[in-house]
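Chains as they are written, first to last, in my numbering: chain A, 22 to 166; chain B, 22 to 166.
Cβ coordinates follow ideal geometry from the N, Cα and C atoms, glycine included.
Protein chains: 2
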Amino acid sequence: MQITSKFTVAVHILTCIDVFGGQMRVTSDFLSGSTGVNAVIVRNVLGQLRNAGIVETRQGSGGAHLAKALDEITLYDIYKAVDCIDDEGLFHFHENPNVDCPVGRNIHKAMDGRLKAAQEALENELKSTTLAQVVADTRKIIYGE
Amino acid sequence: MQITSKFTVAVHILTCIDVFGGQMRVTSDFLSGSTGVNAVIVRNVLGQLRNAGIVETRQGSGGAHLAKALDEITLYDIYKAVDCIDDEGLFHFHENPNVDCPVGRNIHKAMDGRLKAAQEALENELKSTTLAQVVADTRKIIYGE
DNA sequence: AAAGTTGTAACTAATTTTGTTTCAACTTTC
DNA sequence: GAAAGTTGAAACAAAATTAGTTACAACTTT
């Protein structure tokens with residue numbers, strides 16, 4: 022089980038928009054070239070980021086732009102934007118426990134809070150890191166200290 | 022994206038073994054009835070739990086038993102036993118980033134540590150809760166305070 | 001020996017994820 | 001205002017993953 026690659030692709034895309042945005046038009050085609058992901062998928066991801074208010078794109082003109090400062094975008098914002106985890110939560114309960122069994126009837130409730138806490142631990146960690154940090158690290162690796 | 026239901030099924034199974042183990046033989050068939058999961062899947066899960074040293078089962082005789090005390094089994098042990106997350110980690114990187122692009126070449130490394138930290142936050146939370154707690158909560162709901 | 005059980009392999013079905021094709025709508029430039 | 005290049009989105013296809021099923025050998029107990 023893995024979280025959809027759309028998440029890391031989205032981070033990649035946003036990093037490209039910041040790094041290359043000053044010099045050129047960052048189109049879905051260019052981003053497809055850098056990420057290795059199909060251009061339509063890139064446009065889908067950009068659409069989700071746009072709906073979340075993270076980027077701005079326009080039909081025709083081409084080129085995506087950040088709609089927020091880098092340090093105002095957390096990894097959690099991106100994770101939510103691309104819908105990594107649905108409303109059911111990170112953990113998956115089997116659909117048909119036997120309600121005639123006292124354990125089957127109650128185990129969901131007994132586990133739920135603890136599993137939510139685990140998911141929140143993950144999400145809080147993502148909330149604590151911003152795109153600014155990731156981009157800074159990327160630039161460091163590219164251009165040196 | 023959700024973590025395989027084998028995880029919550031495994032917790033369900035282990036809870037049943039503890040709750041019903043005194044009174045009856047807890048077979049894969051019985052567990053299939055309580056969980057609503059196919060008996061072969063139950064046996065697969067039991068096999069993984071056995072490999073991890075969490076339960077004991079034997080061909081022929083039937084009935085699974087815990088191999089450890091409830092408070093020595095954490096949710097993390099179960100999560101590892103049923104292989105929720107493979108060696109690649111929780112987050113999934115796309116396979117074909119463009120190595121000719123400075124971002125494509127380096128973004129993986131730039132993100133990796135932070136994503137590992139998020140995964141560890143999740144796993145540490147799972148390490149902090151034991152099956153004893155889950156079973157106690159389940160018993161409370163079943164039998165009251 | 002018979003009945004019931006586990007362990008495992010091979011196969012099927014369902015679901016999810018990713019990729020592809022296609023084209024209308026829009027913007028810019030010539 | 002026509003041409004070129006781009007986004008947005010729908011419909012479809014392919015690949016991968018997850019869960020279920022069938023079948024049967026190996027084992028234990030009665």
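Please list, in chain order, the chain A residues whose beta carbon lies closer than 7 Å to that of B:H115.
Here residue 115 of chain B refers to the residue found at position 94 when the second sequence is read from its first residue. Ordered by position in chain A, the residues that pass the 7 Å Cβ test against B:H115 are S26, T29, V30, T56, G57, V58.
Using a Cβ-Cβ cut-off of 6 Å (strictly less than) and excluding sequence neighbours within five positions of A:P118, which residues of its own chain qualify?
-> Counting from one through the first sequence, the residue named residue 118 of chain A turns up at place 97. Closer than 6 Å at Cβ, skipping near neighbours: G125.
Amino acids of chain B, ordered along the chain, whose beta-carbon sits closer than 9 Å to that of A:D92: Numbered from its first residue, the first sequence carries residue 92 of chain A at position 71. Here the premise fails: no neighbours, minimum Cβ distance about 15 Å.
Q | Minimum Cβ-Cβ distance from B:G110 to chain A less than 9 Å | A | Within the second sequence, the letter at position 89 stands for residue 110 of chain B. Chain A contact via Cβ: present.
Is it buried or exposed, B:A90, if we count other Cβ atoms within 10 angstroms and call 16 or more buried? In the second sequence, residue 90 of chain B corresponds to position 69, counting from 1. Classification of B:A90: exposed, given that the 10 Å Cβ count is below 16.
- In chain order, what residues of the same chain have a beta carbon less than 8 Å from the beta carbon of B:R59, not counting five sequence neighbours either side? In the second sequence, counting from the first residue as 1, residue 59 of chain B sits at position 38. It should be pointed out that residue 59 of chain B corresponds to Asn in this sequence rather than to Arg. Taking B:N59 as the centre and dropping the five residues before and after it, the same chain places the C-beta of S53 closer than 8 Å to its C-beta, in chain order.
request  = For chain A, find out if any of its Cβ atoms is closer than 9 Å to the Cβ of B:Q140; answer yes or no.
outcome  = Here residue 140 of chain B refers to the residue found at position 119 when the second sequence is read from its first residue. So yes, B:Q140 belongs to the interface.
Who does A:H86 pair with in a DSSP beta bridge? Here residue 86 of chain A refers to the residue found at position 65 when the first sequence is read from its first residue. A:H86 is bridged to A:E77.
B:I163 bridges to which residues according to DSSP? The residue given as residue 163 of chain B occupies position 142 in the second sequence. Answer is none; B:I163 lacks a bridge partner.
For B:T95, which beta-bridge partners are listed by DSSP?
-> For the purposes of this step, residue 95 of chain B is taken as residue 74 along the second sequence, with counting starting at 1. B:T95 is bridged to B:T151.
* Contacts around A:R64, its chain only, beta-carbon distance under 6 Å, and the 5 residues preceding and following it disregarded -> Residue numbering aside, residue 64 of chain A sits at position 43 when the first sequence is read from its first letter. Counting only Cβ-Cβ distances below 6 Å, and skipping sequence neighbours, we find S49.
* Residues that A:V76 contacts on chain B, provided the C-beta gap is smaller than 9 Å -> Locating residue 76 of chain A in the first sequence gives position 55, where the first residue counts as 1. Result: empty, since nearest Cβ-Cβ is about 16 Å, beyond 9 Å.
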